[in-house]
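Okay, so here's the structure we're looking at.
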Amino acid sequence: MNEQAQPAGGDPLFNPLSPDFIRNPYPHYDRLRAIDPIHVTPFGQFVASRHADVSLVMRDKRFGKDFTPDHTRLRGLVVKAFTARRVEDMRPRIQEIVDQAIDAVIDRGHMDLIEDFAFRLPVTIICDMLGIPEDHREVFYKSSRDGGRLLDPVPLTPEEIAKGNAGNMMAQMYFQQLFELRRRNPADDLTTQLVQTEEDGNKLTNEELTANIILLFGAGHETTVNLIGNGLLALHRNPDQLALLKARPELMVNAIEEFLRYDSSVQMTGRVTLEDIDDLGGRKIPKGETVLCLLGSANRDPAVYPDRPDRLDVTRPNVKPLSFGGGIHFCLGAQLARIEAEIAIATLLRRLPDLRIDDVENPEWRSTFVLRGLKSLPASW
2 MNEQAQPAGG DPLFNPLSPD FIRNPYPHYD RLRAIDPIHV TPFGQFVASR HADVSLVMRD
62 KRFGKDFTPD HTRLRGLVVK AFTARRVEDM RPRIQEIVDQ AIDAVIDRGH MDLIEDFAFR
122 LPVTIICDML GIPEDHREVF YKSSRDGGRL LDPVPLTPEE IAKGNAGNMM AQMYFQQLFE
182 LRRRNPADDL TTQLVQTEED GNKLTNEELT ANIILLFGAG HETTVNLIGN GLLALHRNPD
242 QLALLKARPE LMVNAIEEFL RYDSSVQMTG RVTLEDIDDL GGRKIPKGET VLCLLGSANR
302 DPAVYPDRPD RLDVTRPNVK PLSFGGGIHF CLGAQLARIE AEIAIATLLR RLPDLRIDDV
362 ENPEWRSTFV LRGLKSLPAS W
């Protein structure tokens, strides 16, 4: 880090697990972009915070992931099973789940918008898509809340490692049994499609199947819960935008893009340099180094969003957030997350127009950085 990159008072320029950062990372991003846009962490990772650099890293073939050699084949197989038509066909089921969640709480006059509303929707949808039987799902509801910390770019405690390993082992054992069941008894679900799909005569191995389904499960849950929760909090912190969206529900699709830009569900992604990089934001980066891309920072870069990037604006034109990544690693579940959030927030505003968040200024954030989301969000009506 350059000498001038150290802020006054001796505080680290980039400390993503500090309570202040977890509450509101955006002033910290502003400092990074202005002072040290390609920052180097104490662990030797490069951190890109400007939109131009983040976009380049995600799309340039000189940057990849450590599993890149197999990525094209694996993604090709998964894409065939995770089609746009299948996602669009889920709309009635998504609406049914959202309405059931509201029906369950409407008479009591209060709920936790995370636990009672946002949380079970994406888990239920992914379970539906994978063909996980109803009576097997409770364990997934419980385990889905614990994975976010594993993605943060800092060492884990022994307890966190043990908990993560136990959850991963449970999931592997469960899905191995589900694969065998679907080979013997095919069904109309994503697991069956993955088991049966071939590409140039090659099927996914059990290990590849497990890794891809666990990834789909985790990504499908976390992205949507945080998008709904963060979006609802942003609306209630900006009552003019809440009123506008209630008056003009046709703005909801654009509003979802603005929620993704304004307070991204996923704050960071990473790439590895596949060759020496001569100049990334003024730095030389050797082959094999990790570059962390701050999506949340790029989404508020005034170079791309000159009209008050720190303001929520559901009418903002040409919103193209980087929240789902880019290039060949663009998130497969992006459209599903968008549709789930669109239906969930639109239905909530329509059915509970008097809903108010109990403490809009001091919500309880989860103590994770890569996946930015709320632990709870109590509301009343």
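According to the working numbering, the residues represented by the sequence shown are 2 to 382, in order. Here a beta-carbon is modelled for each residue, glycine too, at the ideal position from N, C-alpha and C.
| Query | Result |
| --- | --- |
| Quick one: what's got a C-beta closer than 6 Å to Ala119's C-beta in the same chain, skipping five residues either side? | Val226, Ile229 and Gly230 |
| Tell me, to the nearest whole angstrom, how far the beta carbon of Arg317 is from that of Glu259; I am working on the premise that it is less than 8 Å. | 5 Å |
| So for Met269, helix, strand or coil by DSSP? | strand |
| Which runs of the beta strand (DSSP E), 3 residues or longer, sit entirely within the stretch 240-297? | 269-274, 278-281, 284-286 and 291-295 |
| At which residues does the alpha helix (DSSP H) containing Met171 begin and terminate? | Pro159 to Arg185 |
| When the Cα of His29 is compared with those of Glu181, Asp359 and Arg301, which residue comes out closest? | Arg301 |
| Taking the C-alpha atoms as reference points, what is the distance between Ile103 and Arg183? | 34 Å |
| Please state the DSSP three-state secondary structure of Asp113. | strand |
| Looking only at DSSP bridge pairs, what is Ala380 linked to? | Met112 and Ile358 |
| Report all residues from its chain with a CB closer than 6 Å to the CB of Pro38; omit the five preceding and five following residues, and keep chain order. | Ser50, Arg51 and Gly282 |
| For Gly65, which beta-bridge partners are listed by DSSP? | Val273 |
| Near Pro379, what residues of its chain come up, given a Cβ to Cβ distance below 8 Å and the 5 sequence neighbours on each side ignored? | His111, Met112, Asp113, Leu114, Ile358, Asp359 and Asp360 |
| Alpha carbon to alpha carbon, how far is Ile215 from Ala426? Give it in angstroms, no decimals. | Residue 426 falls outside the range modelled here, since the chain spans only 2 to 382, and no answer is possible. |
| Measuring alpha carbon to alpha carbon, tell me which of Ala235, Glu181 and Ser368 ends up nearest Phe22. | Ser368 |
| If you draw a straight line from the C-alpha of Arg86 to the C-alpha of Asp279, how long is it? | 42 Å |
| Would you say Asp264 and Arg373 are within 8 Å of each other, going by their C-beta atoms? | yes |
| Could you compute how far the alpha carbon of Thr69 sits from the alpha carbon of Leu337? | Because Thr69 sits at a pLDDT of 47, beneath the cut-off of 50, its placement in the model cannot be relied upon, and the point is left open. |
| Taking the Cβ atom as the reference point for each residue, do Val55 and Phe47 lie within a distance shorter than 8 Å? | no |
| Should Thr158 go down as buried or exposed, given a rule of 16 or more other Cβ atoms within 10 Å for buried? | exposed |
| Would you check if the distance between the CB atom of Asn207 and the CB atom of Gln178 is smaller than 8 Å? | no |
| Quick check: what's the CA-CA separation for Ala248 versus Asp31? | 33 Å |
| Please confirm whether Leu375 and Leu234 have their CB atoms less than 8 Å apart. | yes |
| Return the first residue and the last residue of the beta strand (DSSP E) that His137 is part of. | Here His137 belongs to no beta strand (DSSP E), and DSSP marks it neither H nor E. |
| List the residues that DSSP assigns as beta-bridge partners of His237. | According to DSSP, His237 bridges with nothing at all. |
| Drop a sphere of 10 angstroms on the beta-carbon of Asn363, count the other beta-carbons inside from all chains shown, and report buried for 16 or more, exposed for fewer. | exposed |
| Beta-carbon of Glu258 versus every beta-carbon of chain B: anything under 8 Å? | Among the chains in the structure shown there is no chain B, since it carries only a single protein chain. |
| Using the rule of at least 16 other Cβ atoms within 10 Å of the residue's Cβ for burial, across every protein chain shown, is Asn3 buried or exposed? | The predicted position of Asn3 is uncertain, since its pLDDT is 45 and thus under 50; no value can be drawn from it. |
| Since Lys288 and Leu275 should fall inside the 8 Å C-beta cutoff, what is the C-beta to C-beta distance between them, to a whole number of angstroms? | 7 Å |
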